[in-house]
Every structure is written in structure tokens, then in C-alpha cells.
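Okay, so here's the structure we're looking at.
Right, dumping it as C-alpha cells:
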């Protein structure tokens, strides 16, 4: 009897997991007002039929006159990092969340997040692995 339940559970997982995965990839939208459409900036929409205005994402989109939503990563002091990267310096850093862990932001529970830059390719600027905003 136990093997029948195990078989049925595995069958359900085989059927349901690909369906959820394909929905997230081919029908991008907003989950908890967080952009899941492939961009990393709040308040914009790269794919899907939702309005990007006011959506949250990893980084807060700079600009005025638009409803940009929240950026989850703390970007204070980023001008120092941007200047170092622009000169070709290859270094690591790690930034935490812009809000306290498990806090309520706009009716949504934000748990935790971290952004880090590695120092892959120490020999030169052409083979760096990083993400900039």
C-alpha cells in the first residue's frame, strides 16, 4: 500500500512541477507585486501583459515622475562600487536587504535577500562576472 502512495505522489510531481515551471517562464507577471519577468529593476516590464508601474524587484529603478515600487537590495554606497568597476578594478562585495528581515512592506512579508559580486577573472576587465544596475 505504501508503494502505491509513493507512486501516486511521484506521478503528481512529474505532472505538476513542469506545469508550474513553464507557467513562470512563458507567462511572466507579478507574484506578490514582485517582477518575475526577467528584469532586475522595479517599475518596469520586459515581458508579459502586466503593468510594470509600482512593481517591486531586486533594485529600485531611479527616476522621477514614475511609480517605481520597492527595490529589495540596499543600494546605499553603490557609487563607490560603480567607480571601482568603471576603472577595471576587480573586487568582491555583498549587499543585504534594504528592509529588516521578516518585515511587512506594503502588505507583503519580505523575508531576506542578498546580492554579491564575485571576483571571477582576476586577470582583466574582459572576463569579469558581475551585474551592474
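In the numbering used here, the protein residues as written are 22 to 154. Think of the CB as a built atom: it goes at the ideal place given N, C-alpha and C, for glycine as much as any other residue. This one's a predicted model, so the numbers in the text were calculated from it and none came from an experiment.
Taking residue 56 as the centre and dropping the five residues before and after it, the same chain places the C-beta of 76 and 78 closer than 6 Å to its C-beta, in chain order.
For residue 121, the closest C-alpha among the options 28, 70 and 133 is that of 133. For residue 99, the enclosing alpha helix (DSSP H) begins and ends at 99-107.
Excluding the 5 residues flanking it on each side, residue 67 has same chain C-beta neighbours closer than 7 Å at 58, 59 and 60, in chain order. Only residues of its own chain outside the window of five on either side were considered, and among them 113, 114, 115 and 116 have a CB closer than 8 Å to the CB of residue 137, listed in chain order. The C-beta distance from residue 81 to residue 92 rounds to 3 Å, short enough to meet the 8 Å contact threshold.
For the pair residue 54 and residue 90, the CB atoms are nearer than the 9 Å cut-off. Here residue 125 is bridged, per DSSP, to 130.
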